[in-house]
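In my numbering, the protein residues as written are 111 to 203.
Worksheet for the structure shown next.
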Amino acid sequence: MENRLRTHHMMSQAIVILFAFIKEFLRIYRINLGTESNSLLNLLLFGVQTFIGYCLMATFMILNVWLCLAVVLGEILANLVVSKVTKQKYEVF
């Protein structure tokens, strides 16, 4: 029984990290898509990106230490991988 529970926790953490990667790739794809062309597609992708962001926030607010670490680690790794692959970084205000 304990083995099954550990497997479920690890799968949950992997899914959280995957969602962080999807959110980051959507952000870069929307930047490359541009604002003028395919405005409906851009709007739809923005909605999906925002939904994933709120899901990650809600996951963090559960206050499970392992899920919180998975959210932070996923965001860091996703930002690192996407910035290395696409050579784009967040804009500094």
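We put the beta carbon where it would ideally sit given N, CA and C, even for glycine.
Nothing here was measured: the structure is a model prediction, and the numbers come from that model.
Member of Leu155, His119, Leu115 and Asn113 whose CA lies at the smallest distance from the CA of Thr169: His119
Coarse secondary structure for Val202, derived from DSSP in three states: Bear in mind that the predicted position of Val202 carries a pLDDT of just 48, short of 50, making it unreliable; the figure below should be weighed with that in mind. If DSSP states are grouped into helix, strand and coil, Val202 belongs with coil.
Cys165 versus Glu185: straight-line alpha-carbon distance, rounded: 13 Å
Same chain, Cβ closer than 8 Å to Phe129, neighbours up to 5 away in sequence not counted: Ile162, Cys165, Leu166 and Gly184
Limits of the alpha helix (DSSP H) - the one that Asn152 falls within: Ser149 to Met171
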